[in-house]
Amino acid sequence: MATTRMSMAKALNAGLRKAMEQDPRVVLMGEDIGKLGGVFRVTDGLQKDFGEDRVMDTPLAESGIIGTAVGLAFRGYRPVCEIQFDGFIYPAFDQIVSQVAKLHYRSQGNVKMPLTIRVPFGGGIGAVEHHSESPEAYFAHTAGLRVVACADSDDAYGMLQQAIASDDPVLFFEPKRLYQHKGDVDLDRALTSREPLHQARIARTGTDLTVAAYGPVVGTALAAAEAAAEDGVSIEVVDLRTLSPVDFDTLEQSVLRTGRLVVTHEAAVFMGMGAEIAARITERCFYHLEAPVLRVGGFHLPYPASKLEEHHLPDLDRLLHATDRVLAY
1 MATTRMSMAK
11 ALNAGLRKAM
21 EQDPRVVLMG
31 EDIGKLGGVF
41 RVTDGLQKDF
51 GEDRVMDTPL
61 AESGIIGTAV
71 GLAFRGYRPV
81 CEIQFDGFIY
91 PAFDQIVSQV
101 AKLHYRSQGN
111 VKMPLTIRVP
121 FGGGIGAVEH
131 HSESPEAYFA
141 HTAGLRVVAC
151 ADSDDAYGML
161 QQAIASDDPV
171 LFFEPKRLYQ
181 HKGDVDLDRA
191 LTSREPLHQA
201 RIARTGTDLT
211 VAAYGPVVGT
221 ALAAAEAAAE
231 DGVSIEVVDL
241 RTLSPVDFDT
251 LEQSVLRTGR
261 LVVTHEAAVF
271 MGMGAEIAAR
281 ITERCFYHLE
291 APVLRVGGFH
301 LPYPASKLEE
311 HHLPDLDRLL
321 HATDRVLAY
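197 is the number that our numbering gives to position 197 of the sequence shown; each next residue is one higher, with no gaps.
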C-alpha cells in the first residue's frame, strides 16, 4: 500500500479536489475560500482549477451561506460550505436546525439534503472566543444531522469524501490545531474499502481500560496509553469518528473487554458528548463495569484568553489522573 505523507490541511484539500473531479455537482462556498484559499489554506488552488462557479467566495453571512446551500441542494447540487471558524456557526444555527436537519423529514423523504458543512473546531492555536469553540454537542443533539470529527490526515481525506457523497446533511468537524500535523494518506484507497462514516475505530488495543476520544484529543489519548504502558497498564483507545450517530456497538465491545471507560473531549464536560456516552455505556454495560465512567474535558466557562488556554484544555496529566482514578477501584 503506497501512501503519501501530508498535513491534514493538504489531505482535506486533496479530498475536496477528488470529490470535485468525480462529481460536477460538488460546489464549494465560504468566506475567503476562493482567491485566498481559506484562512487555513484548505481550499488553496481550487478556485483557480475549477472556476468561480464551483468555488464561490461569499459575504460574511453564515446564515446566508447555509440558506443558499439549501437551495442548491434542492436543485441537485452537492454543496460543501466552510464555516471559517467554529464560533461563526451560531448565526447559521436556525438554518441548520430548522431547515437542513428537517427538510428530508418534512417532505416525507422526497427531498434529499446532500449538504456538507465544514467546521474548523477546538482550541490550541492561541486564539480567543468565537475562534476556539467546540459546538459539536449542539448539532449531535439535533435529529436529522450526521456529525463527524476527523483525527488524522488519512481519515480527513477519506471521511470528507464520504460526507460529500452522502445524501444526508453532514457537519464535518476538523480539529484546527492539527491542520499542519502530518500523517500518511492512502490517496488510492477506494471509499468502499474504508471504514463507513458512522463506524468508530480502535486506534490502539488494550485490556485494562478504554479511553474514548474524538478529533484533537485522540492524540492525547494515544499519548496517555503510551505513558501508561511504561507502568504496565494497557489502555485501549477508541476514536469515535462519528458523534451522531455514535457507534455504541464498537465502544460497548471495548468496554466489555476492559471493564472501565474514560471519555475525553475538548468541549466542556457539562452536558457534553461525554455525558451521553457515559450514560449510554452505563445503561448497556452496568454489570460489566469495574468502576464509574469518568469524563475529562474543558471547563464550563467561555473560552479563555490565550495565556490560560493550556490550563483550560484537557491534557496528558488530566487524562492520566482520570485513568489512575478508574484503575484504583
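For every residue, glycine included, the Cβ atom is placed at its ideal position computed from N, Cα and C.
Legend entry - Where H330 sits in the DSSP three-state scheme: Outside the modelled stretch of the chain, which goes from 1 to 329, sits residue 330, for which no answer is possible.
Inset, instruction - State the Cα-Cα distance for the pair T264 and P314, rounded to the nearest angstrom. - result: Here residue 264 refers to the residue found at position 264 when the sequence shown is read from its first residue. Here residue 314 refers to the residue found at position 314 when the sequence shown is read from its first residue. Computed Cα separation, rounded: 8 Å.
Inset, instruction - For M20, count neighbouring Cβ atoms within 10 angstroms of its own Cβ and tell me buried if that reaches 16, exposed if not. - result: Position 20 of the sequence shown, counted from the first residue, corresponds to residue 20. Here M20 is buried, its C-beta having at least 16 other C-beta atoms within 10 Å.
Inset, instruction - Output yes if chain D places a C-beta closer than 8 Å to the C-beta of A190; else output no. - result: Included in the structure is just one protein chain, with no chain D present.
Legend entry - For E82, the nearest candidate out of T220, A101, E136 and R118 (CA to CA): For this step, residue 82 is matched to residue 82 along the sequence shown. Out of T220, A101, E136 and R118, R118 has the C-alpha closest to the C-alpha of E82.
Inset, instruction - Give me the Cα-Cα distance between G297 and F270, rounded to the nearest whole angstrom. - result: The residue you call residue 297 lines up with position 297 of the sequence shown. The residue you call residue 270 lines up with position 270 of the sequence shown. Between the alpha carbons of G297 and F270 lies a gap of roughly 9 Å.
Inset, instruction - Would you kindly check if the distance between the Cβ of S132 and the Cβ of A144 is under 8 Å? - result: As a first step, residue 144 is located in the sequence shown; it is residue number 144 there, counting from the start. As a first step, residue 132 is located in the sequence shown; it is residue number 132 there, counting from the start. Here residue 144 turns out to be Gly, not Ala, going by the sequence shown. No, Cβ-Cβ distance for G144 and S132 is not below 8 Å.
Legend entry - Beta bridge counterpart(s) of E129 as assigned by DSSP: Here residue 129 refers to the residue found at position 129 when the sequence shown is read from its first residue. According to DSSP, E129 bridges with nothing at all.
Inset, instruction - Would you tell me roughly how many angstroms separate the C-alpha atoms of H104 and S98, rounded to the nearest one? - result: Working through the sequence shown from its first residue, we reach residue 104 at position 104. Working through the sequence shown from its first residue, we reach residue 98 at position 98. Going by the C-alpha atoms only, they are around 11 Å apart.
Inset, instruction - Please report the residue range of the beta strand (DSSP E) in which V55 lies. - result: Residue mapping note: residue 55 aligns to position 55 of the sequence shown, counting from 1. Segment V55 to D57, the beta strand (DSSP E) holding V55.
Legend entry - Three-pair Cβ contact test at 8 Å for the region 178 to 189 versus the region 225 to 237: no
Legend entry - Distance between D94 and A2 (C-alpha atoms, nearest Å): Against the sequence shown, residue 2 aligns to sequence position 2. Against the sequence shown, residue 94 aligns to sequence position 94. Between A2 and D94, the C-alpha separation is close to 44 Å.
Inset, instruction - Quick one: give me the first and last residue of the beta strand (DSSP E) that A228 is part of. - result: Numbered from its first residue, the sequence shown carries residue 228 at position 228. Not the beta strand (DSSP E): A228 falls in the alpha helix (DSSP H), residues V218 to A229.
Inset, instruction - Output the boundary residues of the alpha helix (DSSP H) element that contains A137. - result: Reading the sequence shown from its first residue, position 137 is the one you call residue 137. Run containing A137: E136 to A140, per the alpha helix (DSSP H) assignment.
Legend entry - Inter-stretch contact (C-beta, 8 Å, three-pair minimum) for the region 214 to 227 and the region 245 to 255: no
Legend entry - Segment limits, beta strand (DSSP E) that includes D185: In the sequence shown, residue 185 corresponds to position 185, counting from 1. In the sequence as displayed, the identity of residue 185 is Val instead of Asp. Segment K182 to V185, the beta strand (DSSP E) holding V185.
Inset, instruction - Could you check which residue in E52, D57 and F50 has the C-alpha nearest to that of I33? - result: For the purposes of this step, residue 33 is taken as the residue at position 33 of the sequence shown. Ranking the options by Cα distance to I33, first place goes to D57.
Inset, instruction - May I ask you to report which of helix, strand or coil DSSP gives H300? - result: Counting from one through the sequence shown, the residue named residue 300 turns up at place 300. The answer is coil: DSSP assigns H300 none of H, G, I, E or B.
Legend entry - Presumed contact (8 Å Cβ cut-off) between A165 and T323, rounded CB distance: The sequence position of residue 165 within the sequence shown is 165, counting from 1. The sequence position of residue 323 within the sequence shown is 323, counting from 1. Not quite, the Cβ-Cβ distance comes to about 38 Å (not below 8 Å), so this is no contact.
Inset, instruction - Keeping to the same chain, check which residues put their C-beta closer than 7 Å to that of P302; ignore five residues upstream and five downstream. - result: In the sequence shown, residue 302 corresponds to position 302, counting from 1. Contacts found: E129.
Inset, instruction - Enumerate in chain order the residues of its own chain whose CB-to-CB distance from E195 is below 7 Å, with the five nearest sequence positions on each side excluded. - result: In the sequence shown, residue 195 corresponds to position 195, counting from 1. Correct list, in chain order: R201.
Inset, instruction - Could you name the residues of the same chain whose beta carbon sits closer than 8 Å to that of L327, not counting the 5 residues immediately before and after it, in chain order? - result: By 1-based counting over the sequence shown, the position of residue 327 is 327. Excluding positions up to five away in sequence, the list reads D208, L209, V233, R260 and A291.
Legend entry - With 16 other Cβ atoms within 10 Å as the buried cut-off, status of S193: The residue you call residue 193 lines up with position 193 of the sequence shown. Exposed, because fewer than 16 other Cβ atoms sit within 10 Å of the Cβ of S193.
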